[in-house]
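K.L.:
Sequential numbering of the sequence shown, starting at 74, is according to the numbering used here. Built from N, CA and C at the ideal position, the CB exists for glycine as well.
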Amino acid sequence: MNPESGTMRHAHVTGWGRYVPEQVLTNADLEKMVDTNDEWIVTRTGIRERRVAAAHETTASMGAVAGLRAIRTAGLDPDDIDLILLATLTPDYWMPSTAALVKEAIGNQRAAAMDISAACSGFVYAFATAQAYVTAGLAKHVLVIGAELLTRFLDYTDRGTCILFGDGAGAVVVSGSDEPGGSLGIEMTTEPQGAYMIWLPAGGAKAPPSPETIRRGEHFIRMEGRETYRFATRTLAATAMESIRRAGLTADDIRLFIPHQANIRIIEAVAKGLDLPMDRMFVNLDKYGNTSAASVPIALAEAANEGRIAVGDAICIVAFGAGFTSGAATIRWTVDPARGIAGDAAVDPSSIHVRLPQDWDAVDPIPPALAEIMARPDPLNVPLDDVVPGEPEPAPASVS
Ligand code: ACO
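#1: Is it buried or exposed, D451, if we count other Cβ atoms within 10 angstroms and call 16 or more buried?
#2: Roughly how many angstroms lie between the CA atoms of G290 and L222, to the nearest whole one?
#3: Where K213 and D153 are concerned, what is the direct C-alpha to C-alpha distance, given to the nearest angstrom?
#4: Drop a sphere of 10 angstroms on the beta-carbon of V472, count the other beta-carbons inside from all chains shown, and report buried for 16 or more, exposed for fewer.
#5: Could you give the DSSP three-state label for D240: helix, strand or coil?
#6: Should I441 be labelled buried (16 or more other beta-carbon atoms within 10 Å of its own) or exposed?
#7: Closer than 7 Å: is that where the CB of G385 sits relative to any heavy atom of the ligand ACO?
#8: For the ligand ACO, is there any heavy atom lying closer than 7 Å to the beta carbon of L358?
#9: With G394 as the anchor, note down where its beta strand (DSSP E) starts and where it stops.
#10: Leaving out five residues before and five after A395 in sequence, what residues of the same chain have Cβ atoms less than 6 Å from its Cβ?
#11: Whole angstroms are fine: how far does the CA of A313 sit from the CA of R82?
#12: When you compare the stretch 130-137 with the stretch 168-182, are there three or more beta-carbon pairs, one atom per stretch, that lie closer than 8 Å?
#13: Would you check if the stretch 300-315 and the stretch 342-355 touch, i.e. whether three or more CB-CB distances between them fall below 8 Å?
#14: Skipping 5 residues on each side, what residues in its chain have a beta carbon closer than 6 Å to that of E122?
#15: Which one or two residues does DSSP pair with G23 in a beta bridge?
#16: Apart from the five residues just before and just after D102, which ones in its own chain have a Cβ nearer than 6 Å to its Cβ?
#17: Is I382 helix, strand or coil by DSSP?
#18: Does any heavy atom of the ligand ACO sit closer than 7 Å to the C-beta of M354?
#19: Mind checking P287: buried by the 16 CB within 10 Å criterion, or exposed?
#20: Can you determine whether any heavy atom of the ligand ACO sits closer than 7 Å to the C-beta of N100, and answer yes or no?
#21: Helix or strand or just coil, what does DSSP make of V97?
#22: Can you list, in chain order, the residues of its chain whose CB lies under 8 Å from that of F293, leaving out five sequence neighbours each side?
#23: Measuring straight from C-alpha to C-alpha, what distance separates A387 and P370?
#24: Could you check how far apart the C-beta atoms of R124 and G243 are, in whole angstroms? I think they sit under 8 Å.
#25: Which whole-angstrom value is the C-beta distance of V86 and I404, which I expect to be below 8 Å?
#26: Leaving out the 5 sequence neighbours to the left and right, which residues in its chain are closer than 7 Å to A84 when beta-carbon positions are compared?
#27: CB of S399 to nearest heavy atom of the ligand ACO: below 7 Å?
#28: With distances taken from CA atoms, which of I339, G119, W89, G219 is nearest T301?
#29: Straight-line CA distance for A278 to P164?
#30: Among residues of its own chain, excluding the 5 on either side of E104, which ones have a beta-carbon nearer than 8 Å to its beta-carbon?
#31: With a threshold of 16 other CB atoms inside 10 Å of the CB of V391, please say whether the residue is buried or exposed.
#32: Going along the chain, which residues of its own chain have a beta-carbon closer than 7 Å to the beta-carbon of P430, five neighbours each way excluded?
#33: If you draw a straight line from the alpha carbon of Q266 to that of V197, how long is it in whole angstroms?
#34: Report the residue ranges of all alpha helix (DSSP H) runs contained in full by the stretch 335-361; include only those spanning at least 4 residues, in chain order.
#35: Quick check on L141: does DSSP put it in helix, strand or coil?
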């Protein structure tokens, strides 16, 4: 990392992109696996379906597609990136970092790369870290990725968790500039008294993996749903408001809120807490469920590509998650939102490869409970549905 850029006072979002796997897991599919039903899931969560990564896909491969799309949207080449930050709670391996794998997969030769661990708040934490690097003059262009492969860490006998989560990745490029705009205000909190409300007990130093930890199912995500719900509804609006206050704005100034996509009732509580109508909240959880650290950047990319954000708008991204953590960033948008469609189209997912060691065969990663669905004879081919007709000419980024 050698930006030689000097100090730049403002950190702008100049690129964005996202990737979701093709395979869809519907509420009807889940009805065949656990004692649940579509009506309960839709009423209590708003989720209708979620995506499931195929056997050849990993957190790194999805993150690399989303990241390269964000780089193309920004009108940059991979080697323009000084730093890669990847937020995830489902890394490919304990080590190396998933960010390091992404660096190689996108063909970057010069960036520093590291993972950020703050569960579903991870993307906001990584975004704040990117701002700090950029405004300190330590980096000019930072690639910030949120990527998750949660469907391999779920207990498909636990109806309280397995219905909620899905796979995917989103990314932004944060670029330094002397032009005003970009990230205006950040707020982050951590409340460790919530530490065991969402956790994955085994696999770490406290409980290394063993036949016994597997027998106990301690390698799956556990969650106290009601307590998590209470934390989210208590915290999210306040976290967003503090970020907006630091930006010198009020909630009325925010064109669009992009909240963590965990539960429609939590998002409705945020709107109520901010005294704003639901049309100021971006929602896509019906299509993807909760993709943890990927949910905010996927939603941000879709909101931009759908024309919900215009140059000059202030937006607020806000998330909560295990820890308990919460985080929010208020951002002045400065780049033509139409650029994202060309950025998506510029990267074919089949062109991305995450290297494996030659002498190692990974075991089949698909959970047995999902095997039948993943083996559908005629895989659903779901198009990217945020792409609006027309092929806009790639234009230079307004911030360089
Ligand atoms: N289908 C049918 N019934 C169910 C299901 C299901 N999938 N899950 C639970 N139930 C039952 C319960 O057993 C309970 O039955 P009972 O009354 O007979 O005991 C009843 O439904 C109500 O259960 P609650 O847990 O009270 O349901 P609630 O309305 O709280 O909804 C939910 C549960 C959706 C999990 C909610 O609490 C929630 O969204 N919590 C927040 C979770 C969240 O956002 N997690 C993300 C964390 S971010 C991160 O860092 C990973």
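P.N.:
So, from the listed chains and residues:
#1: Residue placement at D451 is poorly supported in this model, since its pLDDT is 48, which falls under 50; the coordinates still yield a value, given next. Counting Cβ neighbours within 10 Å, D451 comes out exposed, since fewer than 16 surround it.
#2: 18 Å
#3: 8 Å
#4: With a pLDDT of 45 at V472, under the threshold of 50, the predicted position of this residue should be treated as unreliable, though the coordinate-derived value follows. Result: buried.
#5: strand
#6: Per the sequence shown, residue 441 should be read as Pro rather than Ile. Exposed.
#7: no
#8: no
#9: 387-394
#10: A192, I271
#11: 22 Å
#12: yes
#13: yes
#14: V97, T99
#15: Any property of residue 23 remains undetermined from this structure, which presents the chain solely from 74 to 473.
#16: I446
#17: coil
#18: no
#19: The displayed chain sequence assigns Ile, not Pro, to residue 287. Burial call: exposed.
#20: no
#21: strand
#22: F226, L227, D228, D231, T234, L273
#23: 16 Å
#24: With 8 Å as the limit, R124 and G243 do not qualify as a contact, their Cβ atoms being about 12 Å apart.
#25: 6 Å
#26: A203, Q204, V207, T208, V247, G249, G255, S256
#27: no
#28: I339
#29: 16 Å
#30: N110, D111
#31: buried
#32: none
#33: 21 Å
#34: 337-347, 358-361
#35: helix
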